[in-house]
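One structure is given here, and the rest of the page talks about it.
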Amino acid sequence: MIKQYLKIQAGDWMADAKMARRKKKEIRAFRDKRRVAIAAQFPLSPQQKEQVDELFLNNYGKKVDYVWHQNYAAHTGHFDHRFIPGVLYIPEFEAFENQDRSFVDALSDKNFLGLVAKAVGVKMPATIVSCANGVLRDCDNRLISPSTAEALVHRSGPCFMKPTLNSSSGNGCRIISEDDAVSFTRNTLQSKGTDPFDVKQDFVVQELIVCHDSIRELYPGSVNTFRVITYLWRGEIEVMPVIIRIGRGGKYLDNAHQGGMFCAVHEDGSMGELAVTEFSERFSEHPDTHTVFASHRIDCIDKVIWAAKRMHAAVPQLGVVNWDFTIDRMGEPVLIEANCDNGSVWLPQMAHGVGAFGERTAEVLQWLRFMKTLRPHERVRFVGGYME
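Read in order, the letters of the sequence shown correspond to residues 510 to 897 in the numbering used here.
In structure tokens:
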């Protein structure tokens, strides 16, 4: 009994310490001079400050710094007092929703994610070769030798390689061309081609995706992806406003941290008036293709939302997941990856100019307030918005 008690005490202390560290990280991020300058472009009126204060004081029990509201509003010029500050999202909402870290780690692994997707009939890019725990495998997860792996990649033509962990913002992702001299060892992938690289961790090599025409018209140089954030709320799977990330300037990555832009996508497939970047560049049309965002419509977005909900229903052990999808040339949704940590609530809020939780904002704030009254080991019973 004493050992169990001490274990609970240690776990509670570690959870609270992690929350404190994450809060400090979010605060530091918004003290960046670039973000401070963006926030200064949208000073709040006394009426807007009153709206923010009333919402957060009545439901969360505390005021919040206006800098997050100012920053989110500055990107599109649209203010919403229901914006959720980053300091409340990752350290609190995400931490409370995703308490089982074993499932966070498992679903974040692209080698494991494919097994879940296949089980529920959600398409992922076709695998050519994968490496899991240093073991090389083919598309059917059969063990293969390094020489067989090399032959499969050489026969495939151009393909895409990415680490199966820690590849957020496109880190470590590469296109392998037909001319690249690719070689494998037990747990290493090397290329000595025009863009040499040396991967010494688990990875997956996949066929290149050809996007649907309604996506390629935006920018054909990258696989433009949708960020779909789903969360459990009182027995239902809810979806935050959807955005699409779009590459530019000859780059084949669309990620916001890689210089890409992102734009609101509505339920009918229509797009917002502006695509923006993390540091508030604004575009009414794509600088390379000159496609006007406000008059463009993306097909089959309803299928993407269905697939995201279907995936989340398969892993209800997690309360919130950031899914990355695209749509292939046949109009079918293709899951790229799942992100269960350090979520991006800022993307939909900046692009849409509305709070991520919309009409549920007051409920979410009340839940956060309630969850903070509990000890960390007690919170697991109330994942998904429950308070009794």
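We treat Cβ as the ideally placed atom computed from N, Cα and C, and that holds for glycine. For clarity, every value in this text was computed on a predicted model and none was experimentally measured.
Each residue's CA atom was taken as its position, placing Ile-536 and Pro-555 some 24 Å apart. Exposure of Leu-624 is indicated by the presence of fewer than 16 other C-beta atoms within 10 angstroms of its C-beta. In the three-state scheme derived from DSSP, where H, G and I count as helix and E and B as strand, Asp-562 is classed as helix. Counting along the chain, Ala-548 sits inside the alpha helix (DSSP H) bounded by residues 542 to 549.
Asp-618 and Asp-711 have their C-alpha atoms spaced approximately 9 Å apart. For Lys-671, the beta-bridge partners assigned by DSSP are Val-713. Apart from sequence neighbours up to five positions away, the residues of its chain that approach Ile-653 with a beta-carbon distance below 8 Å are Val-638, Leu-645, Arg-646, Asp-647, Leu-661, ordered along the chain. Between Pro-655 and Thr-694, the CB-CB gap stays under 8 Å. Its chain contains Phe-605, Gln-608, Met-880 as the residues whose beta carbon lies nearer than 7 Å to that of Arg-888, once the 5 sequence neighbours on both sides are disregarded; these appear in chain order. In the three-state reduction of the DSSP assignment, Thr-870 falls in the helix class, which pools H, G and I. Between Ala-816 and Leu-856, the CB-CB gap reaches or exceeds 8 Å. A straight-line Cα-Cα distance of about 21 Å links Asn-620 and Ile-738. The Cβ neighbour count for Glu-897, taken over all protein chains shown within 10 Å, is under 16; the residue is labelled exposed. With a 10 Å radius around the Cβ and a threshold of 16 neighbouring Cβ atoms, Pro-825 comes out exposed.
Sequence-distant Cβ neighbours of Glu-782 in its own chain, meaning closer than 8 Å and more than five residues away, are Thr-585, Ser-793, Phe-802, Ala-803. Of the residues assessed, Met-670 falls on the buried side of the cut-off, its CB having 16 or more other CB atoms within 10 angstroms. With a threshold of 16 other beta carbon atoms within 10 Å, Leu-566 falls short and is exposed. In the structure shown, the three-state DSSP call for Ala-773 is strand. At least 8 Å separates the beta-carbon of Val-830 from that of Pro-750. Distances from the alpha-carbon of Arg-806 to those of Arg-791, Gly-778, His-799 put Gly-778 closest. Note that the C-beta distance between Leu-597 and Leu-827 is not below 8 Å. Taking C-beta atoms as the reference points, Thr-697 and Val-708 count as a pair closer than 8 Å. It is roughly 23 Å from the alpha-carbon of Gly-769 to the alpha-carbon of Pro-594.
Collapsing the DSSP output to three states places Thr-657 in a helix.
With a cutoff of 8 Å on beta-carbon distance, Asp-797 and Val-719 are scored as not near each other. In the structure shown, Gln-699 falls within a strand segment according to DSSP collapsed to helix, strand and coil. With respect to Thr-882, Arg-591 sits apart: the two C-beta atoms are not nearer than 8 Å. Beta-bridge annotation (DSSP): Ala-641 is paired with Val-644. By the C-beta density criterion, Ser-611 is exposed, having fewer than 16 other C-beta atoms within 10 angstroms. Each residue's CA atom was taken as its position, placing Asp-808 and Glu-747 some 21 Å apart. Taking C-beta separations shorter than 7 Å and ignoring five residues to either side along the sequence, the partners of Ala-823 in its chain run Val-625, Ala-628, Val-629, following chain order.
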